[in-house]
Amino acid sequence: MNIVRLIAKLPLQRLSLLCFSGLVFLLASCSSFLPNKGVIILDVQDKIQTNVTSQDLPKSYKMGNGEQELQRFETFCKEEIHASQLDGSEEIVFENIKHGIHGQVEFKKCSDRITRIYRY
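Structure below.
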């Protein structure tokens, strides 16, 4: 009840500013909860070319060839790739590739919110 009285006493400009601030905060906080937009699978098991498949991508996304999608992977997943270098998981992937062991690594926190799966 005290909050209602306080809001009733605020001048109209302050009330408008308060409502606008609340709306901006709400929109900003909700945007971080939006799900990823789809999945791109980069399959590099074939040593000659990278095979690219996708699921549930937005209609505006234009799929490229293997080389283009690898470039986008490096661009949009830069922070997650850097984190994998720091924690040593990238080194494990290279060791597996060197010994002919197949696997996959999933990158979910790419800046364009598209999950990328790197199969090797």
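Everything in the sequence shown is counted per the working numbering, starting at 425 for the first residue and increasing by one. Ideal Cβ placement from N, Cα and C applies to all residues, glycine included.
**Report entry** Residue burial classification, Ser535 (beta-carbon count within 10 angstroms, cutoff 16)
**Finding:** By the 10 Å Cβ count, Ser535 comes out exposed.
Query raised in the report: Quick one: what does DSSP say Gly462 is sitting in, helix, strand or coil?
Result: Looking at Gly462 - three-state DSSP - the assignment turns out to be strand.
**Report entry** Identity of the residue in Met487, Gln509 and Ile516 nearest Gly462 by Cα
**Finding:** Looking only at Met487, Gln509 and Ile516, the smallest Cα-Cα distance to Gly462 is reached by Met487.
Report task. Within the segment 468 to 501, note down every full beta strand (DSSP E) run reaching 3 residues or more, in order along the chain. Result -> The segment 468 to 501 contains these whole beta strand (DSSP E) runs: 475 to 479.
Requested in this report: Taking only the alpha-carbon atoms, compute the straight-line gap between Gln469 and Lys533 and give it to the nearest angstrom.
Outcome: Each residue's CA atom was taken as its position, placing Gln469 and Lys533 some 23 Å apart.
Query raised in the report: Is the beta carbon of Arg543 less than 8 Å from the beta carbon of Leu494?
Result: In this structure, Leu494 does not lie closer than 8 Å to Arg543 by Cβ.
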